[in-house]
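In the working numbering, the protein residues as written are 161 to 948.
As C-alpha cells, then:
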C-alpha cells in the first residue's frame with residue numbers, strides 16, 4: 161500500500177512542474193525575464209533536463225530494454241539541445257522570434273524521430289526477424305503514402321501558406337508524418353492480444369499521446385502564425401518525456417519487465433497495412449485523378465509492396481520451417497542425450513550387476529572367500545598354464561565335529577565358526593596360495609610354488625597345529641580340529657577331477673583313522689577306495705540275495721556256568737568279494753545310508769532265530785544285537801523295536817540292544833521320552849567296551865542300561881596286570897551297586913575266568929566258552945544240553 165502511494169506521488173511531478181510554472185507566470189511574470197528569455201523557455205529546458213536524467217538513470221538500471229531507454233534518452237537530449245539552441249539565439253538576438261530556418265528545428269525533428277523509433281521498438285520487440293523487416297519496409301512505404309494525404313488534408317488546412325520550397329514547412333510536414341507513424345504504432349500496440357498491460361505501461365503510452373497532440377497543436381499554431389501567443393505549449397513536450405521516463409523508472413525499480421510480454425500475439429499487421437495502403441491509395445487517386453503520373457507511381461509502389469511481401473512470406477515460411485527444424489533437432493539432440501545418459505546409466509548398472517553376479521557366482525557369501533565354482537575355474541586354469549616346473553598341492557579340509565557343534569550350539573555359532581575358520585586359514589597362507597570354501601564344512605587350499613612333498617607335509621601339519629586351540633565365539637569356547645587330505649600335481653594326477661578325487665580319498669582316510677590328522681594320497685588308498693566302492697555297490701545285492709548271515713556266540717553265567725544269552729555277529733559271504741568282515745562293511749553302510757536296510761534285515765533274522773531257539777528248546781535266552789550310534793539315535797528307534805517285539809511275539813527280555821562306549825560323541829543321545837519308551841518296552845540295553853571310549857558315568861543314568869560289557873583290552877590283561885585288575889574290580893563293584901549286570905568280552909583262558917569269577921563278574925563271552933556258531937550248530941548244542 162505504501163509503495164502505491166509513493167508511485168502516485170512520483171507522478172505528481174509533471175503536475176507540480178506545470179503548477180509551479182503557472183504560479184510564476186501569473187504571480188511574477190517578469191521574475192525570469194533575462195532580456196528576451198521568458199519563463200516558458202527556462203521551464204522547458206529544465207523539464208527536458210529532468211527527463212534526460214531519468215532516461216539515463218533508467219538506461220543504467222535496466223538489463224532487458226537498454227536500447228529503448230537509450231532512444232528515449234536521445235529524444236530528450238535532442239529536444240534539450242534544440243531548446244538550448246533556441247534559448248541561446250533569443251538571448252543573443254534579444255528577440256522572442258526565431259527564424260524558420262533555424263538549426264533548432266532540425267533537433268526538434270530528431271527528437272520526434274527518436275520518439276517514433278521508441279514507439280516502433282515496443283511494437284517490434286514482439287516480432288520475428290522477417291516481421292521486423294516487413295515492419296520497417298511498410299513503415300517507409302506508409303510514410304510515402306501518408307505524405308500526400310498529410311499535405312493535402314492536414315498541412316495545407318493547418319498552414320494555408322504552405323510552400324514546398326520553404327524549409328520550415330517541410331519540417332512541419334515531416335513532423336506530422338512521424339506523428340502519424342507514432343499513432344500507427346500506438347494503435348497496433350493497443351490492438352495486441354496482450355491483456356497484461358499494467359497502469360505504468362498504459363501511462364507510458366499516454367506520454368506518447370501527449371507528444372503527438374502537442375505536435376499537432378504546434379503545427380496548427382505555426383500554420384496560423386499564432387504560436388507566440390500560446391507559449392504554454394512548450395511545457396507539454398517535456399511533460400510527455402517526464403511521464404514516459406517516470407513510468408519506466410518506477411517499473412524498473414519494481415523489478416518489472418519494461419517491454420511487453422514476448423508471448424503476446426500481435427495483430428495481423430500485414431492485413432491491416434494492406435487495408436490502410438488501399439485506403440490511402442484510393443484517397444490519392446480520388447483527390448488527384450488528373451495527375452495520372454503520381455497515381456501510377458503510388459500504384460506501382462503498392463504492387464511492388466505486394467511482390468516483396470510474397471517473398472517475405474516465403475522467407476518467413478522457410479524461416480519458420482528452419483526454426484521448427486532447429487527446435488525438433490534440439491529436441492532430438494536432447495532425446496539422444498537423454499538416451500545416451502540412460503545408456504550410460506544402464507551400462508553402469510550392468511557393470512555393477514555383473515560384478516554382483518560375479519561375486520554371487522564366485523564368492524561364498526558367508527565367508528567372503530572364493531566358492532566351489534571359483535575354485536574349479538582356478539584349478540583348471542592353473543593346470544592349463546602349467547609347465548614342466550609347476551608343482552602344487554591340493555588340500556581338502558574338513559571340520560571335525562562340525563555337525564555336533566552346529567546341532568548343539570545352533571546354526572548361528574556354526575556359521576561364525578566357518579567364518580573364523582576361513583580367516584584363520586587365510587592368515588596362515590602365503591599370498592600366492594589359494595583358499596576357497598568347497599561346501600558345507602569343507603575348505604580347499606592350493607599351495608603353490610612347492611619345493612617337494614616334505615615341504616607340503618610340513619606346511620599342512622602347521623595348519624593342523626593352529627586348530628588345536630579353541631575358538632571363542634560369543635560366550636562359547638568351541639574346539640574344532642580339522643582333517644586334511646592331500647593330492648599333489650603332477651605327482652598324483654594331471655587333471656583337476658582326479659586331483660580333487662584323490663585329495664577327497666585322502667581326507668576320508670584321515671577321518672576314518674580318527675580325525676584331526678593329515679593323509680597324503682597313495683595308491684594303497686586308491687585301492688581301499690575301489691574296495692569301498694565295490695562293497696557299497698554289492699551291498700544292495702547282498703540284501704536281496706540274502707548273502708548276509710548271522711553267527712551266535714554263547715554268553716555264560718559264571719554263577720552256575722549256564723547258557724543265558726547269545727551274542728549275534730553278522731557276516732557277509734559275497735560271491736565276488738569273499739568273506740567281508742562287519743568292521744569293513746558296516747561303516748560303509750552307515751555312510752551310504754544303507755544301514756537302515758541292513759539293520760532291518762538283521763533284526764528280522766535275529767527275531768526269527770531267538771524265537772525258534774527259545775520255543776523249540778525251552779530256553780529263556782536273550783540275544784544281544786549291536787546297534788550303531790546313528791541307528792540308536794533315530795527318533796523312531798523305540799517304535800521299530802516295539803514293532804519287532806509285537807510282530808514276532810517276543811518277550812522283551814529276549815532282546816538285548818548293545819551300544820558301544822567308543823561311539824562317535826557327535827551322535828545325539830535319546831531324549832528323555834525315548835529313553836522312557838525303551839524302559840517301558842522292557843528290552844535289555846547293554847553298554848559295550850566300557851572303560852575305552854568317551855562315556856562318562858552319566859551314560860549309566862541317561863540310558864536305560866541294565867548290562868555293561870567290560871572291554872576286551874581290560875580283560876586281556878587279567879590277572880597279570882595289577883592296574884587292569886583294579887580297574888575291572890572297580891567297574892564290577894560300581895555295577896553291583898547300581899544293579900547292572902557285567903559281561904566280560906573276549907574271555908579266552910581259564911585264568912581270566914578264575915579272576916573274573918573272583919571279582920564277581922556276572923557273565924562271560926568269548927572263545928573260552930565257544931567260538932561264534934551258526935544257528936544250526938547252536939541248535940545242536942542246545943539239543944545236546946537238553947538231552948543231558
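Yeah, the Cβ is synthetic: ideal placement off N, Cα and C, and Gly gets one too.
What does residue i pair with, by DSSP beta-bridge criteria?
i: residue 722; result: 717
i: residue 818; result: 786 and 846
i: residue 530; result: 523
i: residue 869; result: 903
i: residue 643; result: 558
i: residue 599; result: 602
i: residue 710; result: 730
i: residue 924; result: 716 and 904
i: residue 594; result: 606
i: residue 251; result: Answer is none; residue 251 lacks a bridge partner.
i: residue 632; result: 637
i: residue 649; result: 552
Check the C-beta distance from residue i over to residue j and give it rounded, since I have them as a contact under 8 Å.
i: residue 898; j: residue 888; result: Wrong, their Cβ atoms sit about 16 Å apart, outside the cutoff.
i: residue 646; j: residue 679; result: 7 Å
i: residue 271; j: residue 398; result: Actually they do not touch by this definition, with Cβ atoms about 11 Å apart.
i: residue 930; j: residue 654; result: Actually they do not touch by this definition, with Cβ atoms about 56 Å apart.
i: residue 275; j: residue 240; result: Going by Cβ atoms, the distance from residue 275 to residue 240 rounds to 14 Å, so no, they are not a contact pair.
i: residue 703; j: residue 757; result: 6 Å
i: residue 214; j: residue 406; result: 6 Å
i: residue 707; j: residue 733; result: 6 Å
i: residue 279; j: residue 345; result: 4 Å
i: residue 535; j: residue 604; result: 5 Å
On the CB-based measure, 16 or more other CB atoms within 10 Å of its CB, does residue i come out buried or exposed?
i: residue 519; result: exposed
i: residue 871; result: buried
i: residue 905; result: buried
i: residue 566; result: buried
i: residue 917; result: exposed
i: residue 947; result: exposed
i: residue 367; result: buried
i: residue 483; result: exposed
i: residue 556; result: buried
i: residue 784; result: buried
i: residue 693; result: exposed
i: residue 816; result: buried
i: residue 382; result: buried
i: residue 480; result: exposed
i: residue 496; result: exposed
i: residue 886; result: exposed
i: residue 524; result: buried
i: residue 527; result: buried
i: residue 180; result: exposed
So for residue i, helix, strand or coil by DSSP?
i: residue 498; result: helix
i: residue 200; result: helix
i: residue 637; result: strand
i: residue 902; result: strand
i: residue 739; result: strand
i: residue 565; result: helix
i: residue 661; result: helix
i: residue 191; result: With a pLDDT of 49 at residue 191, under the threshold of 50, the modelled position of this residue cannot be trusted, and the question is left open.
i: residue 385; result: coil
i: residue 933; result: strand
i: residue 654; result: coil
i: residue 777; result: coil
i: residue 679; result: strand
i: residue 627; result: coil
i: residue 607; result: strand
i: residue 390; result: coil
i: residue 877; result: coil
i: residue 769; result: helix
i: residue 580; result: helix
i: residue 793; result: coil
i: residue 272; result: helix
Let me see if you follow: with CB-CB separation under 8 Å, is residue i close to chain C or not?
i: residue 650; result: Of the chains in the structure shown, none is chain C; there is only one protein chain.
Checklist line | Length-filtered (3 minimum) beta strand (DSSP E) runs lying within the segment 533-559 | finding: Segments of the beta strand (DSSP E) lying fully in the segment 533-559: 552-559.
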